[in-house]
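Quick mapping for you: the protein sequence lines, in order, are chains A and B.
Residues in the first sequence are numbered from 83 upward in steps of one, following my numbering.
Residues in the second sequence are numbered from 554 upward in steps of one, following my numbering.
Heads up, the beta-carbon is just placed ideally off N, CA and C, and yes, glycines get one too.
The structure displayed is predicted, hence computed values, not measured ones.
Below is one structure; the comments refer to it alone.
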Amino acid sequence: KAGVTQTPRYLIKTRGQQVTLSCSPISGHRSVSWYQQTPGQGLQFLFEYFSETQRNKGNFPGRFSGRQFSNSRSEMNVSTLELGDSALYLCASSLAVMDEQYFGPGTRLTVT
Amino acid sequence: GESVGLHLPTLSVQEGDNSIINCAYSNSASDYFIWYKQESGKGPQFIIDIRSNMDKRQGQRVTVLLNKTVKHLSLQIAATQPGDSAVYFCAEEGLDYKLSFGAGTTVTVRA
């Protein structure tokens, strides 16, 4: 069974731009969560989706948004990028909310 | 605020020895705790979990201990191998079902 895939793996953007990251969960998994990982703040929860509905949200500004499609694939969007948004963005999928999460390799976003 | 943290940022251990990684948490209402391992260039990988109604759980070469009295969590790795070199995170799930991660401990295994 294929694992969680994230595209692109690496991305360089300029301040003020917007970016969309994609996550394909493990087949059959209906819950997708997003995390931001930085050396200073560590791993921080962004949001969780289940059956196309956002079930939980972390403490991030409204510039960070996401959605989930009917096939459980998920995207997250960051608008008006700031230097501090440079991070590894991780996606994790699980069968359902509160089940064991399986992480993808992440998308490394660099904002210049 | 409430947070999950690790006592030591780095741990160096001789191959074959046992490793102990510690984590302190502050949210006494947390019900579920997880240890993850993250290797370079990869996402975190689930190692073992424990619920608050238990104080010990064993897996293959790993044991998690939970001391609710002092809000302390530890991960023990038996017979540490080179492949165990990674960053280890503890995480707690609060009543809001959000996962909060500690800062991580980098484990280096010496040959």
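{"query": "Short CB-CB distance (under 9 Å) between Glu555/B and chain A", "result": "Interpretation of Glu555/B is limited by its pLDDT of 34, a score under 50 that renders its predicted location unreliable; no figure is taken from the coordinates."}
{"query": "Sequence-distant residues of the same chain with beta carbon closer than 6 Å to Ala582/B, five excluded per side", "result": "Leu648"}
{"query": "Contacts around Arg604/B, its chain only, beta-carbon distance under 7 Å, and the 5 residues preceding and following it disregarded", "result": "Asp584 and Tyr585"}
{"query": "Residue-chain proximity (Glu182/A, chain B), Cβ-Cβ < 9 Å", "result": "yes"}
{"query": "Terminal residues of the beta strand (DSSP E) in which Lys624/B lies", "result": "Where Lys624/B is concerned, there is no enclosing beta strand (DSSP E), given that its DSSP letter is neither H nor E."}
{"query": "Within-9 Å CB hit, Leu626/B to chain A", "result": "no"}
{"query": "Minimum Cβ-Cβ distance from Phe586/B to chain A less than 9 Å", "result": "no"}
{"query": "Cβ separation of Leu619/B and Met607/B, assumed to be a contact under 8 Å, to the nearest whole Å", "result": "7 Å"}
{"query": "Identified DSSP bridge partners for Arg610/B", "result": "Val617/B"}
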